[in-house]
Structure formats: C-alpha cells, structure tokens
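Residue numbers (the working numbering): 2 to 573.
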C-alpha cells in the first residue's frame with residue numbers, strides 16, 4: 002500500500018478552503034520516482050508554487066499536470082483542483098522535501114518539510130541496465146578535442162519497452178560539436194564485457210568537446226527515463242500459463258538512469274609560446290592563392306587562405322596579416338566545410354580577402370605563417386604559405402571620378418547657362434507662354450545634366466559612411482530587437498547580441514558563437530565582462546533544454562540588455 006504523507010494548511014478565506022501537499026510514498030529505491038501533489042479544496046484557482054527548493058535533491062521528470070474534481074455535497078458544490086509532478090531523487094539516503102511556498106489567488110501559503118528515504122539497490126539489480134559517460138582522454142589542453150560518448154548498457158535478458166528522447170546536457174566550459182546523434186535506439190551486434198559480464202550496448206550520442214577558458218571543466222551527470230518490462234509474479238503454478246503466455250503477464254516499470262559526473266584535467270601549454278600562436282590546437286596544413294596573378298590599378302583581386310586539418314577549426318583566428326603598401330585590403334569573409342564522417346573535427350576553413358591595388362608595378366603578398374600545438378606529439382609546429390607575386394598594370398581610366406565636377410564639365414555648364422539672357426525684360430505679350438516654355442526647357446536641361454553628378458556624389462557618401470552608421474546604430478538596433486514580441490526569449494536575446502556585435506565591430510560573418518565572441522572581445526574588454534557575456538550566451542544556447550536556463554526565461558532579455566549596454570559603454 003502506498004504511504005501518504007499530507008500537510009493541511011488552513012486559509013482564512015470567505016469560504017472553507019484548504020491546501021494539501023502530499024507524496025505518494027516516502028520510501029523508494031534509488032532510480033525510482035515519486036509523485037508530488039498540491040491539492041486545493043474549496044478554491045477556484047490552481048496553486049502557484051515555487052519549486053526552486055526541490056532542484057538541489059530532485060530532478061523534475063514531468064509536470065505539472067492539472068486535474069479538477071467537482072462534487073455536490075448536501076446541495077452545495079465542492080471543487081478540488083490538483084497539481085501533480087513526477088520527481089526523481091538524485092541521491093540516496095534520508096532527507097526531506099523542503100517546505101514549499103506559493104499562492105492561491107491573492108492568498109499565500111507555506112508548507113512543511115516531508116521526510117523521505119531513498120534506499121540503494123542491490124548490486125545485481127543496479128548493474129542490469131545503466132548508462133556511462135565515456136571520454137577518450139582525461140587530460141587535455143585548452144582547445145584540444147576530447148570525444149564524449151554516452152552509452153546505454155543492458156544485460157541480454159533485460160527488455161526495454163520504451164525510452165525517453167535523450168538530450169545532451171549543457172557543457173559549461175566547453176565548445177561542443179555534434180559527431181553522432183542516433184535517430185532511434187539501436188544496440189550494437191557486438192556485445193561488450195565489463196567485470197566478466199556480457200552487455201548489449203547502444204550509443205546514445207557523441208560530441209566533440211573543446212575546453213575553453215573557464216574555472217572548471219566537468220562533464221555533468223545526465224538522466225534518462227526508461228521503461229523496463231517486468232514479469233508479474235504468478236499466483237499459481239499451471240503448465241497452461243508457462244511459458245507461452247508469459248508476454249501477456251508482464252508489466253512495465255519506469256526507472257531513471259543516471260551517469261556519473263566526470264572531471265577533465267587541463268594541462269598547460271609548454272613554454273615559451275610562439276608569438277604567432279592564436280589558439281590553434283591539432284594538426285593543420287595551410288596554403289594561399291589568388292584568382293589571378295595580373296591585374297590593373299583599382300581592380301579587385303580575390304586572395305584566399307585555406308586551412309585544412311583536424312583540430313579546433315573555427316575556434317581561432319589568423320595572425321594579423323600585413324599587406325604591402327599600395328594594396329587596400331578589406332576584412333575577410335570566412336567559411337568552414339566540415340567533414341561529417343569522422344570522429345575528429347576535420348575540415349577546411351577559408352578566409353577570403355578582397356585586395357585592391359592602388360599603384361602599378363610588381364606587388365608581393367608576403368607569406369602568412371602561424372603556429373599551432375600538436376597534442377599527439379606534445380610540441381609546437383609552424384606552417385606558412387608561399388609568397389605571391391602580382392603584376393599590376395596602370396588603369397586605362399586616367400581620371401577617376403571623385404564626386405566633384407571637372408573643368409570641362411564646368412565649361413559645359415557655363416555654355417548652357419550663357420544663352421539665358423538675364424538682362425532682358427520680358428513684357429507680357431502673346432508670345433509670353435512660348436518664352437516661358439523655352440526657359441523651363443533650359444532649366445530642366447541643366448537639372449537633368451547635373452542630377453546624375455549630385456546623385457553619384459550623395460550615393461558615394463552614403464556608401465562611404467555606411468559602416469559608421471551601422472556602428473552608431475548598433476545599440477539602438479539591439480534594443481529594438483529585444484523589445485520585439487517573440488515566443489522564444491532565448492533566441493531573441495542571443496540574436497540581439499550577435500547582431501549588435503556584428504554591427505559594432507563591422508564584422509563580415511554571421512557565424513558567431515560564444516567562443517568566437519570571446520576571441521573578438523579579447524583585449525578589448527575586461528575579462529570579467531567577457532565571462533558575463535559568455536555565461537549569458539551559454540544560457541541562451543541552452544534554451545528550452547536546460548532547467549537552469551528555463552528559470553531565467555522571464556529575465557533573460559533584461560539581463561541581455563544590461564550586458565549589451567555595458568559592452569557598448571566599454572567599446573565606445
């Protein structure tokens with residue numbers, strides 16, 4: 002029989018009203034669940050309750066579910082409104098459900114603690130089905146890939162009737178890249194042996210984790226709800242019921258599986274660090290190319306640097322490139338082509354610069370070099386491109402339009418205007434309409450002649466100052482985005498910051514993330530401000546899937562606005 006613990010809280014309302022907080026049992030096995038109920042009798046509203054105190058010792062598996070029960074007693078209607086949650090304790094031992102407080106209508110209430118006992122299961126029962134967080138290495142340096150695999154183990158005689166969709170946790174202190182996500186639960190054909198016992202194994206998912214600068218680097222424990230088939234105990238021994246009808250006499254039991262927390266140890270880079278090291282860790286090759294080796298003054302050329310290899314591609318930038326005098330270089334656009342068929346993050350990243358020669362002659366683009374750390378040999382390596390020689394011919398256009406009028410254009414304007422006799426007195430006559438028409442034609446001709454010049458000058462100014470306008474309007478645009486109505490505040494908040502940073506820093510790329518934001522803001526802001534930015538962007542990325550993030554749903558826009566204003570103040 003289920004144990005029922007209740008606490009009745011009387012409320013001095015105009016009608017008889019009570020609140021009952023209860024659990025269905027106070028002794029459970031590790032991995033089992035219990036039901037928490039809050040029942041309002043004699044009220045018209047459901048209770049509003051703060052479940053924050055539960056998060057220390059319990060996972061909220063589901064809820065709240067609502068139920069309304071109406072009865073007629075002695076000619077009077079009595080209603081009961083009940084909220085229920087499914088909870089799973091995250092540790093064993095004796096402890097309590099803490100006092101819960103909330104409101105019903107405009108009246109508040111506070112319950113009392115409810116003691117429970119979570120008993121450890123026996124070793125045999127505990128090890129029939131479990132999950133493991135497996136790391137391919139436990140000591141890495143910042144930026145080095147560690148592969149995390151979540152595995153589900155079960156003994157061959159254990160039947161799993163169902164499994165909830167598995168969701169990856171929030172990896173604080175890491176940049177995570179997806180390697181493998183199964184579409185459905187599938188056990189490998191090859192069994193694994195642990196401690197002399199054979200198990201069937203299913204891969205729940207793999208992620209490539211790259212440690213970034215953080216106070217700690219821990220793999221959080223994860224929970225997984227499964228339904229196990231359990232045979233009912235037979236009340237009689239009858240050959241008719243054995244074994245043909247066994248499947249008709251089984252039931253499912255819900256169980257919560259948890260992995261253990263893991264800590265990753267971060268090793269320091271060997272000293273001294275190369276001057277051209279910008280954070281690249283792995284094994285890479287680099288080359289550079291242009292779309293053509295000859296050109297003309299003021300004609301654009303495409304200069305592309307390609308980085309191919311395995312490692313933390315996308316999490317670092319190129320060293321500063323000093324282009325020769327006489328060449329104007331625009332900020333690069335970057336792209337990353339990922340190889341999705343490997344366990345290591347592998348691919349090609351490209352940076353494309355637009356170069357405009359401003360003088361004729363032979364121009365040499367110098368070699369580009371960078372250093373990276375190769376963890377496989379625990380040593381530094383340096384790679385570089387070859388110099389590229391360009392042959393630039395003079396432009397065929399002698400005069401480049403700069404928005405002002407040339408001497409010849411002024412002379413033409415003078416010739417047109419000279420025919421307008423300003424000293425002639427025009428007296429009203431029958432030809433006055435004709436004379437007026439001629440004057441209008443001349444004026445229209447002048448306007449049509451100079452309009453393209455003025456328009457070109459105006460458009461040139463607009464183009465030249467577009468970047469400045471974006472920088473000045475970055476804060477105003479982000480505030481407008483945050484005030485927009487959107488069902489997903491996390492997406493709105495992160496989009497507002499990324500758009501702000503793109504406009505404020507005149508970035509060409511839209512592929513921004515917490516790691517790239519850190520690199521952009523490094524040496525521009527204090528580290529504590531950068532850490533606050535990373536923290537709130539991580540909360541936004543977690544979004545709907547992290548309980549910690551859900552708690553901040555109501556304040557995430559306000560917090561993001563404060564961060565953006567602080568960043569804008571420090572960058573200005």
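All C-beta atoms in this analysis are idealised placements derived from N, C-alpha and C, irrespective of residue type, glycine included.
Per DSSP, the bridge partner or partners of residue i
i	result
residue 374	282, 381
residue 87	36, 63
residue 175	212
residue 506	None; residue 506 has no bridge partner.
residue 117	96
residue 252	231
residue 204	152
residue 300	For residue 300, which the question treats as bridged, DSSP gives no partner whatsoever.
residue 338	349
residue 71	80
Nearest-angstrom Cα separation, counted from residue j out to residue i
i	j	result
residue 62	residue 214	32 Å
residue 505	residue 140	38 Å
residue 564	residue 520	17 Å
residue 252	residue 231	5 Å
residue 87	residue 22	14 Å
residue 570	residue 287	38 Å
residue 377	residue 310	14 Å
residue 163	residue 187	12 Å
residue 43	residue 80	6 Å
residue 313	residue 494	27 Å
residue 475	residue 98	48 Å
residue 522	residue 365	32 Å
residue 71	residue 130	43 Å
residue 334	residue 149	32 Å
residue 209	residue 361	49 Å
residue 464	residue 106	At residue 464 the pLDDT is 42, less than 50, meaning the model places this residue with poor confidence and gives no usable figure here.
residue 530	residue 555	22 Å
residue 442	residue 479	50 Å
residue 491	residue 357	41 Å
residue 355	residue 280	25 Å
residue 501	residue 487	18 Å
residue 359	residue 302	12 Å
residue 159	residue 533	47 Å
residue 181	residue 308	24 Å
residue 322	residue 332	11 Å
residue 178	residue 68	42 Å
Cutoff 7 Å; reference residue i; Cβ partners in own chain excluding five residues on either side
i	result
residue 100	111, 112, 113, 114
residue 176	211, 213, 316, 516
residue 368	385, 386, 387, 388
residue 170	221, 223
residue 561	483, 494, 497, 498, 537
residue 558	483, 490, 493, 494
residue 567	530
residue 318	279, 520
Spatial neighbours of residue i in its chain, beta-carbon cut-off 8 Å, leaving aside the 5 residues before and after
i	result
residue 241	Any reading at residue 241 must be qualified, since the residue scores a pLDDT of 45, below 50, and its modelled position is unreliable; no value is offered.
residue 370	277, 320, 383, 384, 385, 386
residue 93	31, 119, 120, 121
residue 51	101, 102, 103
residue 161	130, 155, 186, 227, 228, 229, 230
Cβ separation of residue i and residue j, assumed to be a contact under 8 Å, to the nearest whole Å
i	j	result
residue 347	residue 34	Wrong, their Cβ atoms sit about 42 Å apart, outside the cutoff.
residue 116	residue 138	Actually they are not in contact, since the Cβ atoms of residue 116 and residue 138 sit about 43 Å apart, beyond 8 Å.
residue 538	residue 498	7 Å
residue 84	residue 48	6 Å
residue 20	residue 40	7 Å
residue 200	residue 151	No, residue 200 and residue 151 are not in contact; Cβ-Cβ is about 15 Å, not under 8 Å.
residue 136	residue 263	6 Å
Own chain residues within Cβ distance below 6 Å of residue i, not counting five before or after
i	result
residue 89	34, 60, 62, 257
residue 536	none
residue 375	284, 382
residue 513	499
residue 600	With the chain represented from 2 up to 573, any question about residue 600 goes unanswered, as that position is not in the structure.
residue 145	282, 376
residue 299	396
residue 304	291, 354, 356
residue 66	85
Residue i Cβ short of 7 Å to the ligand MN heavy atom set
i	result
residue 72	You won't find the ligand MN in this model; it holds no ligand whatsoever.
Residue-chain proximity (residue i, chain C), Cβ-Cβ < 8 Å
i	result
residue 296	In the displayed structure, chain C is absent; only one protein chain is listed.
| message | Tell me whether the stretch 97-112 and the stretch 184-194 touch, counting them as touching only if at least three CB pairs, one residue from each stretch, are closer than 8 Å. | response | no
| field | the stretch 261-272 touching the stretch 320-328, judged by at least three CB pairs closer than 8 Å | value | no
| task | Give a yes or no on contact between the stretch 291-309 and the stretch 384-395, applying the rule of three or more CB pairs nearer than 8 Å. | result | yes
| request: Answer yes if the stretch 351-367 comes into contact with the stretch 375-385, meaning at least three C-beta pairs across the two stretches below 8 Å, and no otherwise. | output: no
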